[in-house]
Amino acid sequence: MKTIVIMGRGGTGKTSFVSLIADYFIRTGQTPLLLVDLDPDQSLGEMIGVDLQREGKKSIAELIEDTFIEKGGTTIGVPPSERIEHRIWEEGMYEGEKFDFIAIGTKWVEGCYCMPDAALRDALGRLIKQYRYVIIDAPGGLEHLNRRVTARVDDIIDVLGPSAKSFAHLERAKKIADECGISYERFISVGGFLFPEELGKRATSIPDTRFFGKIAYDDEVSRRTIAGESIFGIRSDSPGPVSVAKILAKAGYANPSHSE
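First residue of the sequence shown? That's 1 in full-length UniProt numbering, and the numbers climb one at a time after it.
Written out as structure tokens, the structure reads:
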């Protein structure tokens with residue numbers, strides 16, 4: 001099982017990139033997957049065609065609120081994360097044929113993610129099902145990374161936008177990951193769909209990171225995103241999927257036994 005964390009500032013196309021990665025893995029037979037949405041915008045579910053509420057599931061933040069506020073539970077004694085872990089699997093996880101999906105949800109109570117993060121970290125640490133990949137959609141604020149939602153990561157991928165702020169974000173994220181003691185194999189950057197080609201050289205010069213190319217702008221991805229439709233199933237020869245397949249091949253995630 002490999003864990004991939006995708007992060008990036010808002011507007012870079014991070015979540016559509018996560019969705020296209022998942023679609024590629026499904027299309028090339030590299031399943032099962034666990035998709036984890038850490039972004040409070042909760043747009044990943046929409047892009048992969050999963051409505052947790054319609055499926056009768058709840059976000060981790062909703063489960064915590066239900067357990068410790070609405071039902072008058074207490075956080076004294078047994079750690080809260082242990083108190084709700086079984087509920088995460090039973091009431092919070094959407095289970096599909098090729099992938100499962102959980103979302104952390106919006107900020108709990110006074111805006112702190114500490115308890116949802118701890119609950120998710122402990123639950124991920126005791127995964128029973130053997131996934132091929134765990135793919136985490138992380139927000140650009142880095143708060144979840146700072147609290148070590150997952151202690152071990154194979155690849156951290158930062159999606160770069162068109163401004164210099166994206167490079168500052170990349171360097172800061174790398175510094176936080178190192179200072180927090182997160183164990184990871186590679187720190188990778190990719191250009192978002194608005195990333196200027198001429199900045200590629202600068203991206204390759206960031207110390208201890210690897211730049212694997214740019215996500216191509218795709219009219220169909222854009223149309224579906226605006227319409228709130230799933231990105232899954234877009235033609236594999238469309239610009240977005242083609243560029244993502246090239247990025248994943250450079251990263252070593254191509255399936256040699258599958259030909260498209």
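Note that CB positions come from ideal geometry on N, CA and C, so glycine has one too.
Below 8 Å on the Cβ atoms is my guess for residue i versus residue j; work out the distance and round it to an integer in Å.
{"i": "residue 224", "j": "residue 231", "result": "6 Å"}
{"i": "residue 250", "j": "residue 213", "result": "7 Å"}
{"i": "residue 14", "j": "residue 178", "result": "With a Cβ gap of about 21 Å, residue 14 and residue 178 do not count as contacting."}
{"i": "residue 221", "j": "residue 16", "result": "6 Å"}
{"i": "residue 6", "j": "residue 157", "result": "5 Å"}
{"i": "residue 155", "j": "residue 4", "result": "5 Å"}
{"i": "residue 203", "j": "residue 160", "result": "6 Å"}
With a 10 Å radius around its C-beta and 16 neighbouring C-beta atoms as the bar for buried, classify residue i as buried or exposed.
{"i": "residue 205", "result": "exposed"}
{"i": "residue 19", "result": "buried"}
{"i": "residue 226", "result": "exposed"}
{"i": "residue 164", "result": "exposed"}
{"i": "residue 46", "result": "buried"}
{"i": "residue 140", "result": "buried"}
{"i": "residue 39", "result": "buried"}
{"i": "residue 8", "result": "buried"}
{"i": "residue 174", "result": "buried"}
{"i": "residue 57", "result": "buried"}
{"i": "residue 61", "result": "buried"}
Taking the alpha carbon of residue i as the point to measure from, which residue in the options has its own alpha carbon closest?
{"i": "residue 242", "options": "9, 27, 8", "result": "27"}
{"i": "residue 217", "options": "1, 131, 12", "result": "12"}
{"i": "residue 51", "options": "95, 68, 29", "result": "95"}
{"i": "residue 197", "options": "233, 162, 118, 29", "result": "162"}
{"i": "residue 238", "options": "219, 247, 252", "result": "219"}
Starting from residue i, follow the beta strand (DSSP E) in both directions and report where the run begins and ends.
{"i": "residue 103", "result": "99–103"}
{"i": "residue 183", "result": "183–191"}
{"i": "residue 215", "result": "Per DSSP, residue 215 belongs to no beta strand (DSSP E) and is neither H nor E."}
{"i": "residue 158", "result": "152–160"}
{"i": "residue 174", "result": "From DSSP, residue 174 is part of no beta strand (DSSP E) but of the alpha helix (DSSP H) over 165–179."}
{"i": "residue 35", "result": "33–37"}
Could you name the residues of the same chain whose beta carbon sits closer than 8 Å to that of residue i, not counting the 5 residues immediately before and after it, in chain order?
{"i": "residue 245", "result": "24, 236, 254, 260"}
{"i": "residue 82", "result": "122"}
{"i": "residue 129", "result": "32, 34, 100"}
Give me, in chain order, the residues of the same chain whose beta-carbon lies closer than 7 Å to that of residue i; leave out the 5 immediate sequence neighbours on both sides.
{"i": "residue 63", "result": "84, 87, 88, 91, 92"}
{"i": "residue 171", "result": "206"}
{"i": "residue 31", "result": "25, 98, 99, 132"}
{"i": "residue 193", "result": "13, 215, 216, 217"}
{"i": "residue 210", "result": "186, 188"}
Output the boundary residues of the alpha helix (DSSP H) element that contains residue i.
{"i": "residue 137", "result": "Where residue 137 is concerned, there is no enclosing alpha helix (DSSP H), although the beta strand (DSSP E) it sits in stretches over 133–137."}
{"i": "residue 206", "result": "Per DSSP, residue 206 belongs to no alpha helix (DSSP H) and is neither H nor E."}
{"i": "residue 225", "result": "219–227"}
{"i": "residue 14", "result": "14–27"}
{"i": "residue 47", "result": "44–47"}
{"i": "residue 247", "result": "239–250"}
{"i": "residue 64", "result": "60–65"}
Under the criterion of a Cβ to heavy atom distance below 7 Å, does residue i qualify as lining the ligand HEM?
{"i": "residue 192", "result": "With respect to the ligand HEM, the structure offers nothing, as it holds no ligand at all."}
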